[in-house]
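> Residue numbers (our numbering), protein chains in the order written: chain R, 1 to 346; chain G, 1 to 346. Structure provided below as structure tokens; questions to follow.
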């Protein structure tokens, strides 16, 4: 029911994704008078899905606390997340209210052992392919341990998504030497360097311009800076597209040139298409939840479903759990070892 | 002596700026064997300038503390800043080491009364013209009062630069409702709303994508997020330029189209040219210091000089001082008034 267009985008999006992955099965949660008339138009999808009516739908401007109060146990958003908890679904995809989706996901699915805070991971198009950037807005601020957990989870996601064995990880930081970094970022760097994790390659600090370059596979930061970086990049891309449009329609010559180079412009549009990398992945929960951009169309929503499909097929949750256990187990052993040595020497 | 190219960019840049502003006069500080051979090639500039030899030059990778220790009193960077302090120059322009330039500027010029921390303000090209964004990296973190001071200083700079009477000001924040904003950002918003300053219009929170849109004249944030936003935007612009270049050279048709639309592409390149908005302005010091991008060419360095010229001509320092006094005076009166009322009622 969520997003700017509700089922008018969700249902056609699911139909698109089903074309690509015929083994997919859907459960739709929503208001029947809004969902069923649209679903009726998609024969194949209808056969591959089940519909559950819910009276209540979380609104886009509900505060998370309000959504929880009014929509827990019964709203379509809650029911969709609950389906993941019950094992009825392997992933929940929503274009709805981000804050409410995160609050309900935390409440319903709970965070994994060792994880204090979930993060939202974005897939970022770069000059070298795709990177993963997290946290892009689940919570403001993060201490060193949380940044390390984000690194471990982001690397697990990279292995599930872009299929690299040891993804490279960088901590987002600023470049001026003396003031280099918030204390927690420095400390996280130290922890990552010392941990010698076999599942990732820690490459040190990266800066804002490394995001577009694709310097590392996983860029880790806390949610305030991450959200601002994400939206700044989106805004800059729109700004340049607008400059380009204005420049290309200004003279007859430019318009002819544009027509001749249309193929190239289409390629560029394709490269810059935000729908292709739609889908923020909630990491750190006992279940897969994907947030689609609220303003996207069916193509974009299908991309968010595809991300969920890839995450399930490539065993994202298992990867994260194993990596976290290995990391926290290692740390616990280190601490125990240090304590034992201290005792022996004392 | 600073930047990637030293006097090879600084001297031709000054010559360019002198063409545009024949009333400019320069004092160059640097190593004579490196500066004079280049200066000799510019007759007019040579007549409009004076040269001061300095043995020591701060290196680009010196830490600020190191630069201060080795370069105070005697390096070309120090001498250039000192010229502003002595009234010998009205602005100091450097392409050198940012951290060192800020540390020396603070040490030599001192911060204005009421200002705890200076900020670096960037001029940001937007769809509506230009905005001012600060702090883009002077210091990490800022409390509410510092964000308010940044707002007052940024608005004064907007009045000096883009000549609006009451610039609009927004605080950079993230969009997820419940977690909306760091506490200090919320508190700064409250202070700005209550202050009713006659020199600016506080418009509330803005997000990363508002930067490129030009939603407000002045965007205020602390240096960590500001630096990441700036570099992310630069990186995204480069990334898209690279996509465009690749797309346009891929087929013969695209290449022909490109040739026909060359004028339009030149306009676009012009719009996206980072040299045009080169020059980070240090705000909050008793003097004007402009940091040019280290990697820029003569055109970019000339733009940084032009920014300094505008700031001096439009009385930036006076504007800031007056506004700060008016704001802090107002606050002091409010506090006194509240204290008096409390006494009366008690």
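Just so it is clear, CB atoms sit at the ideal spot from N, CA and C, and this is done for glycine as well. Keep in mind it's a predicted model, so treat the numbers as computed, not measured.
When you check each C-beta in the segment 224-253 of chain R against every C-beta of chain G, which residues fall closer than 7 Å?
Here the close residues are 224, 225, 227, 228, 229, 230, 231, 232, 233, 234, 235, 236, 237, 238, 239, 240, 242, 243, 244, 247, 248, 250, 251 and 253.
> Check the Cβ of residue 261/G against every Cβ in chain R and list those closer than 9 Å, keeping chain order.
Within 9 Å Cβ-Cβ: 247, 248, 251, 253, 254, 255, 256, 257, 258, 260 and 261.
> Find the nearest neighbour of residue 232/R within the set 269/G, 173/G and 185/G, judged by alpha-carbon distance.
Comparing Cα-Cα distances from residue 232/R to each of 269/G, 173/G and 185/G, the minimum goes to 173/G.
> Give me, in chain order, the residues of the same chain whose beta-carbon lies closer than 6 Å to that of residue 248/G; leave out the 5 immediate sequence neighbours on both sides.
Contacts found: 254 and 258.
> Could you say if the segment 81-97 of chain R and the segment 284-291 of chain R meet the contact criterion of at least three C-beta pairs nearer than 8 Å?
Result yes; three or more Cβ-Cβ pairs closer than 8 Å.
> Starting from the Cα of residue 206/G, find the closest Cα among 224/G, 197/G, 186/G and 195/G and give me that residue.
It is 186/G whose Cα lies nearest to the Cα of residue 206/G.
> Looking at C-alpha atoms only, which residue of 215/G, 140/G, 96/G and 118/G is the closest neighbour of residue 226/G?
Cα-wise, what sits closest to residue 226/G is 140/G.
> Below 8 Å between beta carbons is the criterion; list the residues of the segment 261-283 of chain R that meet it against any residue of chain G, in chain order.
So the close ones are 261, 262, 263, 264, 265, 267, 268, 271 and 272.
> Could you check the C-alpha separation between residue 42/R and residue 214/G for me, to the nearest Å?
Looking at the two C-alpha atoms, the distance is approximately 43 Å.
> Tell me, please, whether the CB atom of residue 182/R is closer than 8 Å to any CB atom in chain G?
Chain G contact via Cβ: present.
> Please identify, using Cβ separations under 8 Å, the residues of the segment 198-219 of chain R that lie next to chain G, in order along the chain.
Answer in chain order: 207, 208, 209, 210, 211, 212 and 213.
> Could you have a look at residue 174/R and say whether DSSP puts it in helix, strand or coil?
In this structure, residue 174/R counts as coil in the three-state DSSP scheme.
> Going by C-alpha to C-alpha distance, which of 267/R, 243/R and 252/R sits closest to residue 245/G?
Taking only the C-alpha atoms, the option nearest residue 245/G is 267/R.
> Would residue 340/G pass as an interface residue toward chain R - the criterion being a Cβ-Cβ separation below 8 Å?
Judged by the 8 Å Cβ criterion, residue 340/G is not in contact with chain R.
> Residue 313/R: buried (16+ other C-beta within 10 angstroms of its C-beta) or exposed?
Exposed, by the Cβ-count rule.
> For residue 181/R, which residues in the same chain have their Cβ closer than 6 Å to its Cβ, ignoring the five residues on either side in sequence?
Answer for residue 181/R: 173, listed in chain order.
> Assign residue 188/R to buried or exposed, taking buried as 16 or more other Cβ atoms, counted over all protein chains shown, within 10 Å of its Cβ.
Residue 188/R comes out buried.
> Helix, strand or coil: how does DSSP classify residue 327/G here?
Here residue 327/G sits in helix by DSSP.
> Could you list which residues in chain G have their beta carbon closer than 8 Å to that of residue 285/R, in chain order?
Going along chain G, no residue has its Cβ under 8 Å from residue 285/R, so there is no contact; the nearest lies around 16 Å.
> For residue 130/G and residue 120/R, what's the separation of their Cα atoms in angstroms?
Approximately 32 Å, taken between the alpha carbons.
> Please state the DSSP three-state secondary structure of residue 50/G.
Residue state, collapsed to three classes: strand.
> I want to know whether the segment 14-31 of chain R touches the segment 46-63 of chain R - three or more CB-CB distances under 8 Å.
The segment 14-31 of chain R, when compared against the segment 46-63 of chain R, does touch it at the 8 Å Cβ threshold.
> Using a Cβ cut-off of 8 Å (strictly closer), state whether residue 350/R contacts chain G.
The first residue shown for chain R is 1 and the last is 346, placing residue 350/R beyond what the model contains.
> Could you give the DSSP three-state label for residue 57/R: helix, strand or coil?
If DSSP states are grouped into helix, strand and coil, residue 57/R belongs with coil.
> Check for me: the beta strand (DSSP E) holding residue 291/G runs from which residue to which?
Start and end: 288-291.
> Are at least three pairs of beta-carbons, each pair with one atom in the segment 161-171 of chain G and one in the segment 194-206 of chain G, less than 8 Å apart?
At 8 Å Cβ cutoff, the stretches touch.
> For chain R, is any of its Cβ atoms less than 8 Å away from the one on residue 93/G?
No, residue 93/G does not count as interfacial toward chain R.
> Give me the chain R residues within the contact set of residue 127/G, using Cβ-Cβ distance strictly less than 9 Å, ordered along the chain.
In chain order: 238, 239, 242 and 243.
> Just to confirm, are residue 93/R and residue 292/R a CB contact at a threshold of 8 Å?
Cβ distance < 8 Å, so residue 93/R and residue 292/R count as in contact.
> Between the segment 69-77 of chain R and the segment 90-106 of chain R, are three or more C-beta pairs nearer than 8 Å?
Yes: at least three Cβ pairs fall under 8 Å.
> Using DSSP with H/G/I as helix, E/B as strand and the rest coil, what is residue 206/R?
Residue 206/R falls in the strand class under three-state DSSP.
> DSSP state of residue 260/R, grouped into three classes?
DSSP places residue 260/R in helix when its eight states are reduced to three.
> Beta carbon of residue 152/G, beta carbon of residue 323/G: below 8 Å?
It is a contact, given that the beta carbons lie within the stated cut-off.
> What are the boundary residues of the beta strand (DSSP E) that includes residue 277/R?
Per DSSP, residue 277/R belongs to no beta strand (DSSP E) and is neither H nor E.
> For residue 217/G, which residues in the same chain have their Cβ closer than 8 Å to its Cβ, ignoring the five residues on either side in sequence?
Cβ neighbours of residue 217/G beyond the five flanking positions: 131, 132, 155, 158, 162, 164, 167, 168 and 169.
> Would you mind working out which of 36/G, 111/G and 310/G sits nearest residue 21/G, comparing C-alpha positions?
It is 310/G.
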